[in-house]
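Engineer: Please find one structure pasted underneath; my questions will follow.
Protein chains: 2
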Amino acid sequence: MKIGELAKRSGLSAYTIRYYERIGLLPYADRDQSSQRDYDASILIWIEFLGRLRTIGMPIRDMLRYAALRERGVGTEMERREILEQHRDRVRIHAAELQACLLVLDTKIAGYAGQEQRMKDYDTPPPERRGKPVGTRSARTRGH
Amino acid sequence: MKIGELAKRSGLSAYTIRYYERIGLLPYADRDQSSQRDYDASILIWIEFLGRLRTIGMPIRDMLRYAALRERGVGTEMERREILEQHRDRVRIHAAELQACLLVLDTKIAGYAGQEQRMKDYDTPPPERRGKPVGTRSARTRGH
DNA sequence: ATACGAATTAGAGCGCACTCTAAGTCAAGG
DNA sequence: CCTTGACTTAGAGTGCGCTCTAATTCGTAT
């Protein structure tokens with residue numbers, strides 16, 4: 130399979146595939162006689178897995194650590210598991226924050242819906258409106 | 130309240146507060162005689178709300194649309210609600226994808242856990258290992 | 001008086017994850 | 001033969017959301 134075909138099948142662009150190879154997320158691909166990459170379908174499983182890591186927001190630097198361990202193969206299972214577990218736990222926390230925010234948002238939307246035509250300059254309708262310890266972002270998101 | 134105090138209370142850095150004002154996310158703040166920003170505590174409610182939008186991953190350009198409508202005040206409720214609803218729906222979809230990925234990840238982690246010392250070069254342990262339509266990222270994430 | 005800390009501005013820089021350009025090679029079809 | 005289109009490389013550019021620098025001005029404490 131050449132890169133165009135892999136791009137179609139994986140959903141990544143050819144640019145991204147080359148980029149991933151460059152940085153080490155994808156293993157260096159064999160080239161044919163005219164130095165074009167020739168892929169085995171098995172790479173799709175790895176790309177699919179990477180896609181999942183991306184969906185859950187794992188930074189590329191962590192995927193790289195994982196990819197490096199995977200290349201080393203046997204004996205690296207524990208470390209790989211740890212990477213996965215750590216990120217999973219971060220995601221669970223983030224997902225909970227997300228749900229909390231969605232809940233508040235729904236209340237606000239309901240507020241707007243219940244107002245239809247009227248409403249003054251209130252930006253925060255009926256419910257909620259104490260407010261003291263402000264701030265919602267998670268530790269890993271904040272940079273300082 | 131000066132910017133340092135607001136920074137502490139809001140969790141944003143002073144840099145970020147100035148940046149938000151610059152781009153229009155925060156209203157232009159009154160300055161005192163020595164042109165230092167002087168904030169009213171009420172701004173915290175707005176910042177808290179922005180924090181929530183950020184937590185749910187709303188891009189700044191959408192927050193800006195919302196902020197502009199809010200500045201215009203009365204008569205913009207419907208549009209504001211639409212912005213919120215649209216993003217909420219996107220987030221719900223993303224959250225579902227997240228859950229699906231977490232599930233698969235948990236299976237994989239369990240696989241590693243159940244292997245402890247052994248395991249060959251399998252990167253994808255016991256369960257799963259068909260694989261055909263690859264690709265997990267959501268429409269808004271993909272750029273092509 | 002002066003030193004300190006906290007603020008101001010314009011604008012540069014950063015980290016991330018791509019995304020694209022330019023210039024060139026190559027195989028297959030008309 | 002020659003065009004077409006898919007590929008190759010190195011490296012530049014993009015969009016996002018901050019984050020920081022430099023130079024300067026204040027108000028306050030010693």
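Top to bottom, those sequences are chains A and B. My numbering numbers the first residue of the first sequence as 130 and each following residue consecutively. My numbering numbers the first residue of the second sequence as 130 and each following residue consecutively. Cβ coordinates follow ideal geometry from the N, Cα and C atoms, glycine included.
Using a Cβ-Cβ distance cut-off of 9 angstroms, determine whether Arg282 (chain B) contacts chain A.
Structural biologist: It is not possible to answer for residue 282 (chain B), since the shown part of chain B is limited to 130 through 273.
Engineer: Return the residue from the list A:Glu200, A:Phe178 and A:Ile132 that minimises the CA-CA distance to Asp159 (chain A).
Structural biologist: Closest by alpha carbon: A:Ile132.
Engineer: What first and last residue would you give for the alpha helix (DSSP H) that runs through Ala196 (chain B)?
Structural biologist: Per DSSP, Ala196 (chain B) belongs to the alpha helix (DSSP H) from Ile189 to Arg201.
Engineer: In chain order, what residues of the same chain lie with their CB nearer than 7 angstroms to the CB of Leu182 (chain A), ignoring the 5 residues before and after it?
Structural biologist: Met192.
Engineer: Given this structure, state the Cα-to-Cα distance separating Gln215 (chain A) from Arg201 (chain A), to the nearest angstrom.
Structural biologist: The alpha-carbon atoms of Gln215 (chain A) and Arg201 (chain A) are separated by roughly 20 angstroms.
Engineer: What separation, rounded to the nearest whole angstrom, lies between the Cα atoms of Gly243 (chain B) and Val233 (chain B)?
Structural biologist: Cα to Cα, the separation comes out at about 15 angstroms.
Engineer: Rounded to whole angstroms, what's the CA-CA distance from Ile238 (chain B) to Arg147 (chain B)? Just pull it up for me.
Structural biologist: The straight-line gap from Cα to Cα measures roughly 44 angstroms.
Engineer: Taking just the CA atoms, how far does His223 (chain A) sit from Gly180 (chain A)?
Structural biologist: The straight-line gap from Cα to Cα measures roughly 19 angstroms.
Engineer: Is it a yes or a no for the segment 184-199 of chain A touching the segment 140-154 of chain A, going by three-plus beta-carbon pairs under 8 angstroms?
Structural biologist: With a cut-off of 8 angstroms, the segment 140-154 of chain A and the segment 184-199 of chain A count as touching, because enough Cβ pairs lie within range.
Engineer: For the alpha helix (DSSP H) holding Ala136 (chain A), just list the boundary residues, first then last.
Structural biologist: Note, Ala136 (chain A): alpha helix (DSSP H), Ile132 to Ser139.
Engineer: I need the straight-line Cα distance from Arg319 (chain B) to Ala170 (chain A), nearest angstrom please.
Structural biologist: Here chain B has residues from 130 to 273 only, and residue 319 (chain B) is not among them.
Engineer: Which one of B:Thr236, B:Met130 and B:Glu208 has the shortest CA to CA distance from Asp161 (chain B)?
Structural biologist: Cα-wise, what sits closest to Asp161 (chain B) is B:Met130.
Engineer: Do Arg209 (chain B) and Tyr149 (chain A) have their CB atoms nearer than 9 angstroms?
Structural biologist: It is not a contact, given that the beta carbons lie outside the stated cut-off.
Engineer: Under 9 angstroms between C-beta atoms, does Tyr241 (chain A) make it to chain B?
Structural biologist: By this cut-off, Tyr241 (chain A) is an interface position.
Engineer: Mark Tyr280 (chain A) as exposed unless 16 or more other C-beta atoms lie within 10 angstroms of its C-beta, in which case mark it buried.
Structural biologist: No answer is possible for residue 280 (chain A): the residues shown for chain A start at 130 and end at 273.
Engineer: Note the first and the last residue of the continuous alpha helix (DSSP H) segment covering Ala242 (chain B).
Structural biologist: Looking at the DSSP string, the run of the alpha helix (DSSP H) that includes Ala242 (chain B) is Glu206 to Ala242.
Engineer: What residue from A:Ile185, A:Glu177 and A:Ile212 has the CA that sits closest to Leu141 (chain A)'s CA?
Structural biologist: Looking at the Cα atoms, A:Glu177 is the closest of the given residues.
Engineer: Here's a check: name, in chain order, each residue in its chain whose Cβ is nearer than 7 angstroms to the Cβ of Met187 (chain A), leaving out the five neighbours to either side.
Structural biologist: Within the same chain, Met187 (chain A) has close Cβ partners His216.
Engineer: According to DSSP, is Tyr144 (chain A) helix, strand or coil?
Structural biologist: In the structure shown, Tyr144 (chain A) sits in a helix (DSSP, three-state: H, G or I).
Engineer: With Leu155 (chain A) as the anchor, note down where its alpha helix (DSSP H) starts and where it stops.
Structural biologist: Where Leu155 (chain A) is concerned, there is no enclosing alpha helix (DSSP H), given that its DSSP letter is neither H nor E.
Engineer: Is it buried or exposed for Val203 (chain B), if we count other Cβ within 10 angstroms and need 16 for buried?
Structural biologist: Result: exposed.
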